[in-house]
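Scroll down for the structure; my scribbles are underneath it.
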Amino acid sequence: RCTESSKKAFFTEYVDINSTFYTQRAKNRRPGEPPLDKGLIPWLGHVLEFRRNTWRFLERMEKKHGDVFTVQLAGFYITFIQDPMSFGAFVKESREKLDFRKFASHLVRRVFGYIATKADHEMLNASSNRHLKGDGLEVMTQAMMINLQNLMLHNVDSSSDQVTWREEKLFAYCYNIVFRAGYLSLYEKDRAESEALYDEFRKYDQLFPRLAYGVLPPKKRREATKLLEYFWNVLSVQKLKGRDNISRWIWDVQEGKDNAGVKEDMITRYMFVLLWASQGNTGPSSFWLLLFLMKHPEAMRSEVKPGGPLVKMSREMLMKTPILDSAVEETLRLTAAPLLTRAVLQDMTLKMADGRQYFIRQGDRVALFPYSAIQMDPEIHPDPRSFKYDRFLNPDGSKKTDFYKAGNKVKYYTMPWGSGASMCPGRFFATNELKQFAFLMLLYFEFELINPNEEIPEIDYSRYGFGTMQPDRDLQFRYRRRY
Ligand code: HEM
1 RCTESSKKAF FTEYVDINST FYTQRAKNRR PGEPPLDKGL IPWLGHVLEF RRNTWRFLER
61 MEKKHGDVFT VQLAGFYITF IQDPMSFGAF VKESREKLDF RKFASHLVRR VFGYIATKAD
121 HEMLNASSNR HLKGDGLEVM TQAMMINLQN LMLHNVDSSS DQVTWREEKL FAYCYNIVFR
181 AGYLSLYEKD RAESEALYDE FRKYDQLFPR LAYGVLPPKK RREATKLLEY FWNVLSVQKL
241 KGRDNISRWI WDVQEGKDNA GVKEDMITRY MFVLLWASQG NTGPSSFWLL LFLMKHPEAM
301 RSEVKPGGPL VKMSREMLMK TPILDSAVEE TLRLTAAPLL TRAVLQDMTL KMADGRQYFI
361 RQGDRVALFP YSAIQMDPEI HPDPRSFKYD RFLNPDGSKK TDFYKAGNKV KYYTMPWGSG
421 ASMCPGRFFA TNELKQFAFL MLLYFEFELI NPNEEIPEID YSRYGFGTMQ PDRDLQFRYR
481 RRY
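Under full-length UniProt numbering, the very last position in the sequence shown is 483; numbers go up by exactly one each time.
Below, the structure written as structure tokens:
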């Protein structure tokens with residue numbers, strides 16, 4: 001029979017209780033606080049169910065407690081706000097009360113062995129503002145264009161491949177090309193090495209969710225450590241300094257840390273954090289985008305005319321694609337599911353849009369899971385499981401931003417990039433990458449699913465909370481050059 005103590009011994013063997021996540025504290029609900037659901041397992045609370053399928057778990061809690069509730073997850077008390085109209089209370093709260101850094105630094109320490117410093121965020125922001133927006137973005141986008149074309153056309157000989165179809169797995173193909181083109185644009189190294197790096201990255205990628213939850217069995221944990229060492233070697237500051245064409249975004253961050261006296265091995269570790277942040281979501285997103293476009297060819301007819309040579313895609317050109325913009329936004333609505341978390345630094349009152357107020361305790365966490373609260377809400381997005389390429393498009397071709405719930409306009413209607421101070425700094429570049437990839441595929445190749453009637457795969461639920469979701473299986477497709 002499984003006693004409480006043997007159960008706990010079993011779980012703590014896997015859950016890294018020495019981590020800074022660990023806080024042991026009994027807690028009962030006080031008047032004015034949101035409903036509290038601690039779950040049946042001491043300390044762990046609901047973490048197993050949460051990890052298995054975050055969306056389903058939150059739905060169950062919402063049915064039981066309403067749109068605000070506190071749950072216990074691996075020693076933390078986390079209050080979820082599920083009412084989209086009240087998201088402002090989270091997004092706009094001051095950093096003195098709700099801080100995102102504390103949680104992020106726990107995670108990067110656990111997963112990437114990187115010890116965060118106070119100046120990290122400002123330094124990253126400064127470099128991102130210079131190089132992932134405006135003129136800097138154009139430089140990055142052009143580099144991406146060249147790398148994408150080189151990789152896509154490499155090994156595809158125009159004379160023979162015009163007639164011969166090549167068959168590949170769609171997810172593997174998209175992730176490989178977009179990862180490597182992104183890597184070469186940011187870190188510039190040779191094409192052959194980017195292939196090996198991609199293979200190792202995918203291994204780490206597969207371990208990532210369990211690593212983040214601290215539930216990797218020892219053998220897998222050793223594998224993760226080996227992989228980290230591999231990345232620290234390839235991305236070491238010493239090696240990066242020898243490269244001519246490293247992007248300004250990476251260069252500035254590295255130089256800023258160097259000047260601030262951060263040790264070289266920590267800068268190297270940060271280089272992998274950035275590789276992860278910049279490459280972990282874009283590849284999977286490009287797969288979904290391409291798959292949805294294959295299933296809805298009508299979406300592309302008006303914007304991409306196959307057959308014309310296109311080598312340079314300027315910023316203006318990338319800005320004049322309202323249908324593709326809407327298709328990208330719709331892809332991310334359906335497949336990007338980050339968990340947004342803040343640490344509560346002082347006791348505070350959460351003010352809901354309808355006037356309700358809840359007392360939140362210092363030391364707890366507050367979180368949003370926009371995927372369930374907004375992106376899949378059938379009231380805000382009718383028929384939410386369907387891909388509608390023009391969902392974010394007005395009849396006059398402008399971007400649609402008016403979405404309603406119970407007759408009220410919803411300000412936060414999709415949040416693939418997070419929000420507020422921690423919002424993804426790479427979102428403009430990422431959007432361009434996705435558009436460029438889809439554009440070039442349509443331009444250079446004819447492509448189709450081997451089985452055109454094959455259903456869109458389910459998502460792998462264990463990745464909820466970590467950005468763009470991955471499919472639970474791959475699909476065969478084939479492609480050949482148009483000219
Ligand atoms: C489709 C692709 C992408 C998606 C869906 C995505 C999404 C996200 C999300 C949800 C966050 C966390 C936001 C939060 O906690 O509030 C984030 C953070 C971040 N992203 Fe992205 N991202 C993508 C591509 C990129 C690219 C291409 C880059 C860089 C070139 C990038 C760089 C970063 C960085 C550096 C952070 C950490 C920011 C910080 O610590 O403040 N991302 N991203």
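For every residue, glycine included, the Cβ atom is placed at its ideal position computed from N, Cα and C.
Everything numeric in this text was worked out from a predicted model, so none of it was measured.
Rounded to a whole number of angstroms, what is the C-alpha to C-alpha distance between residue i and residue j?
{"i": "Q279", "j": "R51", "result": "23 Å"}
{"i": "A430", "j": "E329", "result": "12 Å"}
{"i": "A143", "j": "E93", "result": "38 Å"}
{"i": "residue 559", "j": "D37", "result": "Coverage of the chain is limited to positions 1 through 483, which leaves residue 559 absent and any answer about it impossible."}
{"i": "G88", "j": "N408", "result": "14 Å"}
{"i": "K27", "j": "G75", "result": "11 Å"}
{"i": "V311", "j": "E167", "result": "Because the pLDDT of V311 is 47, which lies under 50, any placement of that residue in the model is unreliable, and the question is left without a value."}
{"i": "P452", "j": "G426", "result": "34 Å"}
{"i": "G420", "j": "W165", "result": "46 Å"}
{"i": "W417", "j": "S372", "result": "15 Å"}
{"i": "R130", "j": "Q254", "result": "14 Å"}
{"i": "L234", "j": "A192", "result": "Checking the displayed sequence, the identity of residue 234 turns out to be Val instead of Leu. Rounded to whole angstroms, V234 to A192 spans 13 Å at the Cα level."}
{"i": "E33", "j": "Y358", "result": "5 Å"}
{"i": "residue 505", "j": "V108", "result": "Examination of residue 505 is not possible in this model, given that the chain is present from 1 through 483 alone."}
{"i": "F287", "j": "F445", "result": "16 Å"}
{"i": "G256", "j": "V71", "result": "40 Å"}
{"i": "I78", "j": "T54", "result": "13 Å"}
{"i": "R463", "j": "E455", "result": "21 Å"}
{"i": "I380", "j": "L291", "result": "24 Å"}
{"i": "E138", "j": "E458", "result": "35 Å"}
{"i": "P309", "j": "P395", "result": "Bear in mind that a pLDDT of 48 at P309, under 50, signals an unreliable position, so the number given afterwards is only what the model happens to contain. Looking at the two C-alpha atoms, the distance is approximately 30 Å."}
{"i": "H106", "j": "S185", "result": "29 Å"}
{"i": "R221", "j": "D325", "result": "40 Å"}
Since residue i contacts residue j with CB under 8 Å, what's their CB separation in whole angstroms?
{"i": "L289", "j": "T331", "result": "5 Å"}
{"i": "K435", "j": "T335", "result": "With 8 Å as the limit, K435 and T335 do not qualify as a contact, their Cβ atoms being about 16 Å apart."}
{"i": "Y389", "j": "A299", "result": "4 Å"}
{"i": "L274", "j": "I250", "result": "7 Å"}
{"i": "Y114", "j": "M266", "result": "7 Å"}
{"i": "E188", "j": "I246", "result": "5 Å"}
{"i": "F208", "j": "S422", "result": "Rounded, the Cβ-Cβ distance is 19 Å, inconsistent with contact."}
{"i": "L151", "j": "I177", "result": "5 Å"}
{"i": "M85", "j": "V410", "result": "7 Å"}
{"i": "P370", "j": "M415", "result": "4 Å"}
{"i": "E448", "j": "R478", "result": "6 Å"}
{"i": "L98", "j": "V262", "result": "The Cβ separation is near 27 Å, so there is no contact."}
{"i": "R110", "j": "G214", "result": "7 Å"}
{"i": "W276", "j": "F112", "result": "7 Å"}
{"i": "A224", "j": "Y204", "result": "7 Å"}
{"i": "M441", "j": "D83", "result": "The pair is not a contact, with the Cβ atoms about 40 Å apart (cut-off 8 Å)."}
Cβ of residue i within 7 Å of Cβ of residue j?
{"i": "R365", "j": "T341", "result": "yes"}
{"i": "I374", "j": "Y413", "result": "yes"}
{"i": "residue 507", "j": "F171", "result": "There is no way to answer for residue 507, as the model of the chain reaches only from 1 to 483."}
{"i": "M476", "j": "P284", "result": "The amino acid at residue 476 is misidentified as Met; the sequence shows Gln. For Q476 and P284, no; Cβs fall outside 7 Å."}
{"i": "I81", "j": "F90", "result": "yes"}
{"i": "A104", "j": "A260", "result": "no"}
{"i": "W232", "j": "T268", "result": "yes"}
{"i": "Y173", "j": "E200", "result": "no"}
{"i": "D258", "j": "S127", "result": "no"}
Measure from the alpha carbon of residue i to the alpha carbon of each residue in the options, then state which is nearest.
{"i": "E62", "options": "A212, L368, Y230, R180", "result": "L368"}
{"i": "Y461", "options": "E264, R473, R301, Y444", "result": "R473"}
{"i": "F428", "options": "D135, D205, W276", "result": "D135"}
{"i": "L339", "options": "P378, L40, L58", "result": "L58"}
{"i": "R60", "options": "G39, Y479, W43", "result": "G39"}
{"i": "F439", "options": "V139, D244, M145, K399", "result": "M145"}
{"i": "N147", "options": "A126, D190, W232", "result": "D190"}
{"i": "K239", "options": "M271, R222, R221", "result": "M271"}
{"i": "D347", "options": "E49, Q149, E96, W43", "result": "E96"}
Could you pull the DSSP bridge partners for residue i from this structure?
{"i": "E167", "result": "R478"}
{"i": "E446", "result": "R480"}
{"i": "I115", "result": "Paired residues: none, contrary to the question."}
{"i": "Q72", "result": "Y77"}
{"i": "V156", "result": "Answer by DSSP bridge pairing: none, since V156 is not bridged."}
{"i": "A104", "result": "In the DSSP output, where bridge partners are listed per residue, A104 has none listed."}
{"i": "residue 486", "result": "Absent from the structure is residue 486, since the part of the chain shown begins at 1 and ends at 483."}
{"i": "N408", "result": "K405"}
{"i": "F359", "result": "T349"}
{"i": "A336", "result": "T468"}
{"i": "R365", "result": "I78, A343"}
For a cutoff of 7 Å on Cβ pairs, would you count residue i as touching chain B?
{"i": "F437", "result": "Annotation note: the requested chain B is absent from the structure, which comprises a single protein chain."}
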